[in-house]
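Let me begin by presenting the structure, written as structure tokens, before commenting on it.
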Amino acid sequence: MKKVTIRDFIKKKSTKEKITMLTAYDYPTAKIISNTGLDSILVGDSLGMVVLGYANTLNVTMRDMISHIRAVARANPPQLIVADMPFLSYEIDTKSAVKNAGLLVKAGSDAIKLEGGEEMKDTVKAIVKAGIPVMGHIGLTPQRFLRLGGFRTIGKTKQEEDQLIKDSLELEDAGVFSLVIENTYVDIAKRITEKLNIPTICIGAGPYCDGQVLVINDLLGLSEFTPYFAKSYVNLKEIISNAINQYIIDVKNNKFPEKQHYKERES
Ligand code: KIV
Numbered sequence: 072m073k074k075v076t077i078r079d080f081i082k083k084k085s086t087k088e089k090i091t092m093l094t095a096y097d098y099p100t101a102k103i104i105s106n107t108g109l110d111s112i113l114v115g116d117s118l119g120m121v122v123l124g125y126a127n128t129l130n131v132t133m134r135d136m137i138s139h140i141r142a143v144a145r146a147n148p149p150q151l152i153v154a155d156m157p158f159l160s161y162e163i164d165t166k167s168a169v170k171n172a173g174l175l176v177k178a179g180s181d182a183i184k185l186e187g188g189e190e191m192k193d194t195v196k197a198i199v200k201a202g203i204p205v206m207g208h209i210g211l212t213p214q215r216f217l218r219l220g221g222f223r224t225i226g227k228t229k230q231e232e233d234q235l236i237k238d239s240l241e242l243e244d245a246g247v248f249s250l251v252i253e254n255t256y257v258d259i260a261k262r263i264t265e266k267l268n269i270p271t272i273c274i275g276a277g278p279y280c281d282g283q284v285l286v287i288n289d290l291l292g293l294s295e296f297t298p299y300f301a302k303s304y305v306n307l308k309e310i311i312s313n314a315i316n317q318y319i320i321d322v323k324n325n326k327f328p329e330k331q332h333y334k335e336r337e338s
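Okay, so the sequence shown: first residue is 72 according to my numbering, each after it adds one.
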């Protein structure tokens, strides 16, 4: 498969080919993804929750992100690699936002993603001006769960709905190449998708977006908690657990190692 570029990614909006995106955080997973037809890998800051064991994403650092982006990039995947800007790496001022976005690109990502709506316009403009493609992220923005009052569906009130529409238009105007819409009502995501010229990527926002993204641990059945909007395609937790138990049984009963697993000296 040839490398998916930003232009290829954006073009899928007009050709109406659904965009597929999954998170990945390490080399072996990125190597497996490399041989699939997936369009894009997100090195998401969900890393903090599904890999590093934090209760939320606030503790994820630039150092964490850089280390995991490098691991994914070493697999040389043809997929477009998008990396999350971690909490407080882009909110303080536009100068540090551009510098941190640059560090993620130097680590191997092809684009960055940041959370927030119209208040992020200047930041998006500055990063795009530096030559770095930016993906927006609205709806449930997990880095703001404290202010939002938890991990909840956004858009219930008219005010929230109007704000989501405004945010999407302002972000497009600022130059984002695509927009993640997380955990909002299906009609709102549909309206936004119809209004924008850039592709929308849904998670927990229904089928009418231009693409879908999932946390790979949810898809593989590896998560401790899988949200209602995610689908597990396999139960790897059970498969791994069975394999470990079988190993324990084999060692205890002298069934491993077998002849092919060791060398005897020839006499
Ligand atoms: O960090 C992440 O995995 C994300 C997706 C849920 C969109 O931002």
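Just so you know, even glycine gets a beta-carbon here, dropped at the ideal spot from N, CA and C. The structure displayed is predicted, hence computed values, not measured ones.
Length of the line joining the Cα atoms of residue i and residue j
i	j	result
LYS331	ASP155	According to the sequence displayed, residue 331 carries Gln and not Lys. One C-alpha to the other measures close to 45 Å.
ASP342	ARG141	Here the chain covers residues 72 to 338 and nothing more, so residue 342 does not appear.
GLY119	LEU129	8 Å
ARG218	LYS82	35 Å
HIS208	ILE163	18 Å
SER249	LEU185	11 Å
LYS192	ASN147	32 Å
ASN325	ILE319	10 Å
LEU290	GLU337	49 Å
ILE263	GLN230	15 Å
GLY226	ASP233	8 Å
PHE300	VAL143	26 Å
TYR256	LYS308	31 Å
Among the options, the one whose alpha carbon lies nearest that of residue i
i	options	result
THR100	HIS139, ALA178, LEU129	HIS139
ASN306	TYR299, ASN316, PHE300, GLU295	GLU295
VAL75	GLY246, ASP97, THR94, SER111	SER111
LEU174	LEU151, LYS192, ILE198	ILE198
LYS73	GLU186, PRO149, PHE80	PRO149
VAL176	VAL251, GLY108, GLY202	GLY202
heavy atom of ligand 1 below 6 Å from residue i C-beta
i	result
THR94	yes
SER117	yes
VAL286	yes
ASP135	no
ASP155	yes
VAL251	yes
ILE274	yes
- Message: Could you tell me which whole alpha helix (DSSP H) segments of length 4 or greater appear in the segment 121-192?
- Response: 133-144, 165-178
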